[in-house]
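Note sheet for the following structure.
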Amino acid sequence: MSGIRFANQAKFHPRKYLAKLIDLSAEDGLQVFEKTAATQFDAEKRRVKANGHWIAFDRVAILTNNPLVGLAGMTAASLFQTKLSLYSSYVLGARVPRGNLPLALFWDTKEPYDYLRVDSQADFDYIIFGGEDQKTGQGTPPETCYDRVLAKLEKIVLAAKIDHRWSGQ
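Position in the sequence shown (from 1) plus 1 gives the number in this note's numbering.
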């Protein structure tokens with residue numbers, strides 16, 4: 002089997018990284034609002050209405066899974082939304098004996114593609130294996146997708162003890 006290896010890749014914990022980034026940015030006056038619904042933008046006064054309150058800004062970054070309107074016009078934002086296709090991916094999390102697989106991130110180029118991440122824990126390695134991506138709400142029933150992911154995983158790692166499963170876009 003052939004492949005490409007990217008050596009010397011960084012690995013970091015995204016929540017710890019974000020927490021430190023927020024701490025450092027707060028020193029420069031940055032404010033972060035979580036679980037905040039931005040419902041209205043006022044470009045002239047440079048403010049956004051969020052959770053019923055107006056918040057003034059010099060610059061604003063909207064970080065969400067799906068793009069929001071922001072200061073763009075409604076027509077442009079609506080046209081952009083029509084170009085988006087949401088896909089669901091089906092994932093299994095499992096414990097495996099240490100050293101069964103190299104600590105790495107793997108993915109293939111099939112359609113739909115599969116991916117595997119291996120992470121070292123204190124007494125075991127933890128893997129995240131997923132795939133069977135399909136347009137959300139269309140195609141194969143979720144249970145069938147999970148069954149297919151499990152069948153593929155069992156071919157790769159016989160000793161996997163699955164303790165989580167989820168899907169996401």
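Glycine included, each C-beta is placed from N, C-alpha and C at the ideal position.
| Check | Outcome |
| --- | --- |
| Selection from L87, T76, L80, A105 that minimises the alpha carbon distance to I5 | A105 |
| Own chain, CB closer than 6 Å to R118, minus 5 neighbours either side, in chain order | L106, I129 |
| The alpha helix (DSSP H) enclosing E144, as first and last residue numbers | 143-157 |
| Collapsed DSSP secondary structure at S26 in the structure displayed | helix |
| For N101, the nearest candidate out of A51, D126, G140, G53 (CA to CA) | D126 |
| For F42, three-class secondary structure by DSSP | strand |
| As assigned by DSSP and simplified to three states, the class of R16 | helix |
| Residues sharing a beta bridge with R48, DSSP | D43, A57 |
| Contact set for W173: own chain, Cβ-Cβ below 8 Å, skip 5 residues either direction | In the structure as shown, the chain starts at 2 and stops at 170, and residue 173 therefore has no counterpart that could be examined. |
| Top-ranked residue by Cα proximity to D124, from L87, R48, V97 | V97 |
| Continuous beta strand (DSSP E) stretch holding A11: start and end | Premise fails: A11 is in no beta strand (DSSP E) and is neither H nor E. |
| For D59, the nearest candidate out of T40, S89, R48 (CA to CA) | R48 |
| Best match in S168, G53, L85, I23 for proximity to G94 [C-alpha to C-alpha] | S168 |
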